[in-house]
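**Q**
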Amino acid sequence: MSPSLNYTTTTFKNEVEYLDNDENPLMGCYASLYPNLPILENSASSSWILPFPDHETETIRDHKKVKRPTVTIPIWFANFSSHSNSFFNSINRSNSVHSIPRLHFRDHIRTYKQRYFAAEAVEEAAEESFNYGNCEAEEDGSCADGMRLVQLLIACAEAVACRDKSHASVLLSELKSNALVFGSSFQRVASCFVQGLIERLTLIQPIGNNCVGLDAKSMMNIMDAASEEMEEAFKLVYEICPHIQFGHFVANSIILEAFEGESFVHVVDLGMSLGLPHGHQWRGLIQSLANRSGSQRVLRRLRITAVGLCIARIQVIGEELSIYAKNLGIHLEFSIVEKNLENLKPEDIKVNEKEVLVVNSILQLHCVVKESRGALNSVLQMIHGLSPKVLVMVEQDSGHNGPFFLGRFMESLHYYSAIFDSLDAMLPKYDTKRAKMEQFYFAEEIKNIVSCEGPLRMERHEKVDQWRRRMSRAGFQGSPIKMVVQAKQWLLKNKVCDGYTVVEEKGCLVLGWKSKPIVAVSCWKC
């Protein structure tokens, strides 16, 4: 065992022993918040245990001990690379059987399962996290510093989740001095999470669902309340990061295929790509339609209906697109529906006879996902009622909508660490463009995930599998996207930074950074 690995293992064993100690304030907090939850016996052990119920033989009797097969939660550590600035390296899983403490019921099964699911969420996020990245430190101590920063972040997240303000404040004080805006990639992403933890701690009330500066009723996404700095940062994200451009390219390819041979076509755009200026996606579509020649060019009219709340911004986009289309000989009709998705009705979308309808959603539908399924189901059923030929959806491919704060925190930490690592490869260390993107755009997403709850938490990103289940319940069927080769050619043509990958996953196209999924494009039919 290497010295660094031995040091890390020893450190975490000590921490776990501390966490298992009855005098630990974190454990006291959990005990006070969840008095009916099961507790660990043999707290001196250095492993954490999760039960996995055997449903075939499960028998529960009041006040009787029930044995369960057990598995240890991975004791995690992170390593840094000054070359790649990646931090998640490996996962240390204990296989010792004789040291396993046993978990027993103290109360009814419902609260038992709640704790199991909470721990499972953290385990899954941690398990993915530590398969990511390599430690090739060029300077002594850089890995240790990275591990310490990870430990501080997670310990602080636990304290904030427990509403332990005093302990969280002490940890935040140390984090502020280590999480640097112009440091390594993980130091920079840590600075954003520190901001989110500070806001969450500030907003803790007896029961608090507030979030600074946001009004969910007047917003469709976080860009609706964007400052000038955030709008500028969003433009830079579009220009420098391939995420949105990739989504536009794949979505337009699907739409062009749906429009082939049609004379009257109609696109309903949900959110207009978060109000991105100039309507880049539709300029590309109009150009492609104009380039069609001979028998392929039978288009007589293109209609675009924009759904959103920022009317002034969308009107400017519509005027620019109308001029652009006219210069290319395309008859464009542009209209606006001033509503958010939750209030959108089928009658708001005017669909003419003999026209082919396509619905387009770029980083939008996750904003409608709430604690209850009603809001999203209502929107999807409304879209299904329009009977579009296809629904094209581009979404962040990550699980930031779990029911438990610590699980969301770990998953989002892993996700945004990959994004910040990619920015390291694309821009110099002290580039102001990078700082603007990180601090004014990605930081706002992170803060919304970390600090907000209830309807004000709008960045509810979910993984492809979860979307597949949601779409299936709403009556949609997946339409496989068979264009991996074209997508890879697009990466080369646009000179996208090495490290970005494109894979097909169960009919969806997924753009990732070093195997970590970033955005996924999917196509659905009624």
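Residue numbers (the UniProt record's numbering): 1 to 526.
Backbone N, C-alpha and C fix where the C-beta goes; we use that ideal spot for every residue, glycine too.
#1: Taking K235 as part of the alpha helix (DSSP H), name the residues at either end of that continuous run.
#2: Please state whether DSSP places F193 in a helix, a strand or coil.
#3: Tell me, please, whether the stretch 386 to 395 touches the stretch 246 to 257 by the rule of three or more beta-carbon pairs shorter than 8 angstroms.
#4: Note down the Cα distance separating Q195 from N291, rounded to an integer number of angstroms.
#5: G512 lies in the beta strand (DSSP E); which residues open and close that run?
#6: Out of E333, D498, C523 and K506, state which residue places its alpha-carbon closest to the alpha-carbon of G512.
#7: First and last residue of the alpha helix (DSSP H) that includes N360?
#8: Rounded to whole angstroms, what is the Cα-Cα separation between F476 and W524?
#9: If you drop the 5 nearest sequence neighbours on each side, which residues of the same chain put their C-beta closer than 8 angstroms to that of S378?
#10: Verify whether the separation of the beta carbon atoms of D424 and S273 is less than 7 angstroms.
#11: Relative to the C-alpha of S482, which candidate in V496, E505 and L491 has its C-alpha closest?
#12: Just mark G329 as buried or exposed, buried being the case when its beta carbon has 16 or more other beta carbons within 10 Å.
#13: Identify which residue in Q486, P403, P242 and G478 has its Cα closest to the Cα of R460.
#14: Which stretch, first to last residue, makes up the alpha helix (DSSP H) that contains M382?
#15: Am I right that C526 and S361 are in contact with their C-beta atoms under 8 angstroms? What's the rounded C-beta distance?
#16: Hey, I383 and I518 are a contact pair by Cβ (cut 8 angstroms); roughly how many whole angstroms apart?
#17: Among S177, E320, V521 and N221, whose alpha-carbon lies nearest the alpha-carbon of V369?
#18: In chain order, what residues of the same chain lie with their CB nearer than 7 angstroms to the CB of F442, ignoring the 5 residues before and after it?
#19: Can you check which of these residues, G183, N340 and N401, is closest to D431 by C-alpha distance?
#20: Relative to the alpha-carbon of H366, which residue among T501, G399 and D421 has its alpha-carbon at the smallest distance?
#21: With 16 other CB atoms within 10 Å as the buried threshold, where does K350 fall?
#22: Quick one: what does DSSP say E347 is sitting in, helix, strand or coil?
#23: Would a C-beta distance cut-off of 7 angstroms place V298 and S263 closer than the cut-off?
#24: Under three-state DSSP, which class holds P455?
#25: At the level of alpha carbons, what is the spacing between Q466 and N327?
#26: If I follow the unbroken beta strand (DSSP E) through E342, where does it start and stop?
#27: So K354 and D348 are supposed to be a Cβ contact under 8 angstroms. How far apart are they, rounded?
#28: Alpha carbon to alpha carbon, what distance is there between F234 and I240?
#29: E320 to L509, Cα distance in whole Å?
#30: Report all residues from its chain with a CB closer than 6 angstroms to the CB of A179; omit the five preceding and five following residues, and keep chain order.
#31: Let me know the secondary structure DSSP gives R303 once reduced to three states.
#32: Put V450 into one of helix, strand or coil per three-state DSSP.
#33: Once DSSP output is grouped into helix, strand and coil, what is the label at Y430?
#34: Please report how far the alpha carbon of A312 lies from the alpha carbon of D164, in whole angstroms.
#35: From what residue to what residue does the alpha helix (DSSP H) around V250 run?
#36: For residue 528, which residues of its own chain have a beta-carbon under 7 angstroms away from its beta-carbon, when the five flanking residues on both sides are left out?
**A** Reading from the atomic positions:
#1: E228 to I240
#2: helix
#3: yes
#4: 48 angstroms
#5: C508 to W513
#6: D498
#7: No alpha helix (DSSP H) holds N360; the beta strand (DSSP E) holding it covers V356 to I362.
#8: 6 angstroms
#9: E342
#10: no
#11: The identity of residue 482 in the sequence shown is Lys, whereas the question assumes Ser. Minimum Cα distance to K482 is reached at E505.
#12: exposed
#13: P403
#14: G374 to G385
#15: At roughly 15 angstroms, the Cβ-Cβ gap does not stay under 8 angstroms, so C526 and S361 are not in contact.
#16: Going by Cβ atoms, the distance from I383 to I518 rounds to 25 angstroms, so no, they are not a contact pair.
#17: N221
#18: C192, Y416 and I419
#19: G183
#20: G399
#21: exposed
#22: helix
#23: yes
#24: helix
#25: 43 angstroms
#26: Here E342 belongs to no beta strand (DSSP E), and DSSP marks it neither H nor E.
#27: Incorrect: roughly 21 angstroms between the Cβ atoms, too far for contact.
#28: 10 angstroms
#29: 30 angstroms
#30: Q187, A190, S191 and V194
#31: strand
#32: helix
#33: coil
#34: 44 angstroms
#35: H243 to F259
#36: Limits of the chain in this structure are 1 at one end and 526 at the other, which puts residue 528 out of reach.
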